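*Asks:* Dumping the structure here so I can ask a few things about it.
In structure tokens, the structure reads:
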């Protein structure tokens, strides 16, 4: 089963798609952020906000607000504001960072989601199913495997098991990214060659025109 999951993740990422890691239970939070960050993907590890997938444009506005607050802080605009206002802005920024920090650079919907404990993350799984995003999940005895597209039988309460499976998914992501990057390089080289081939005939035509003009003189 895991071989099939591994291949699916590689194939999705090789097409340039994202995998969204989801695990909000205490045992999964640290591993989810670590492994998603390690493979350059996005994650939700605090609380799933309703509409994160089905109403992404609205969520995107909150992400834009978070990025704006972070820019204000880094540009030291806070220093120009009253202390009370700064405290309120920091409170807002921290709240947004907790919920959206793992997806603040996600510019479009993911190609698939990977969830720890589909029962706890049932809203995420339902949203994914509603809009046709495939879901992968660690399935314990208390979960319904029919809700998922790809299942990983395992203990979704054990930290070591969660880490093992999340790390395997992250490894598959990195394999897929290598394939995608090679594809981009090949496409880039192909376009460069085509441009060069287009330039050569034009140079030849220009040379012929110059020769004809010289003969006429």
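Numbering (my numbering), first residue to last: 55 to 271. Glycine residues also receive a C-beta, built at the ideal position from the N, C-alpha and C atoms. Computed from a predicted structure; not experimentally measured.
(1) Residues in the same chain with beta-carbon distance under 7 Å from residue 264, minus the five sequence neighbours each way, listed in chain order, please.
(2) For the candidate residues 250, 231, 140, whose alpha-carbon lies nearest to that of residue 70?
(3) With which residues is residue 75 paired in a DSSP beta bridge?
(4) Quick one, which of 252, 111, 63 has its alpha-carbon nearest residue 93's?
(5) I think residue 188 touches residue 166, with their Cβ atoms under 8 Å apart; what is that distance to the nearest whole Å?
(6) So residue 213 and residue 190 are in contact, right, with Cβ under 8 Å, and what is the actual spacing, rounded?
(7) For residue 223 and residue 88, what's the separation of their Cα atoms in angstroms?
(8) Whether or not the segment 94–111 and the segment 168–178 are in contact is what I'm after, with contact meaning three or more pairs of Cβ atoms, one per stretch, closer than 8 Å; do they touch?
(9) Between the C-alpha atoms of residue 138 and residue 171, what's the straight-line distance to the nearest angstrom?
(10) Write down every uninterrupted run of the alpha helix (DSSP H) in the segment 78–149 whose length is 4 residues or greater and which is fully enclosed by it, in chain order.
(11) Does the segment 119–130 come within contact of the segment 68–87, defined as at least 3 CB pairs closer than 8 Å?
(12) How is residue 264 classed by DSSP in three states: helix, strand or coil?
(13) Tell me the rounded alpha-carbon separation between residue 115 and residue 130.
(14) By the 10 Å Cβ neighbour count, where 16 or more other Cβ atoms means buried, how is residue 156 classified, buried or exposed?
(15) Measuring CA to CA, which of 244, 236, 227, 242 is closest to residue 91?
*Replies:* Taking the structure as given:
(1) Caution applies to residue 264, whose pLDDT of 46 falls short of 50 and renders its modelled position unreliable; the value that the coordinates give is listed next. The answer is none, since no qualifying residue turns up.
(2) Considering only alpha carbons, the answer is 231.
(3) Residue 75 is bridged to 97, 168.
(4) Ranking 252, 111, 63 by Cα distance to residue 93 puts 63 first.
(5) Contact flag correct, Cβ pair sits at about 5 Å.
(6) Going by Cβ atoms, the distance from residue 213 to residue 190 rounds to 19 Å, so no, they are not a contact pair.
(7) Each residue's Cα considered, the two are about 12 Å apart.
(8) Taking 8 Å as the limit for Cβ pairs, the verdict is that the segment 94–111 does touch the segment 168–178.
(9) Distance between the alpha carbons of residue 138 and residue 171 is about 41 Å.
(10) Secondary structure in the segment 78–149: the alpha helix (DSSP H) runs of 4 residues or longer, each lying completely within the stretch, are 80–92, 110–128 in chain order.
(11) Flag = no, the segment 119–130 and the segment 68–87 do not touch.
(12) Summary for residue 264: the model assigns pLDDT 46, below 50, so the residue's position carries little reliability; its value from the coordinates is reported in the next sentence. Under the three-state reduction of DSSP output, residue 264 falls in the helix class.
(13) Across the structure, residue 115 and residue 130 are spaced so that their CA atoms are roughly 23 Å apart.
(14) Residue 156 is buried by the Cβ-count criterion.
(15) Proximity to residue 91 across 244, 236, 227, 242 peaks at 227, based on C-alpha coordinates.
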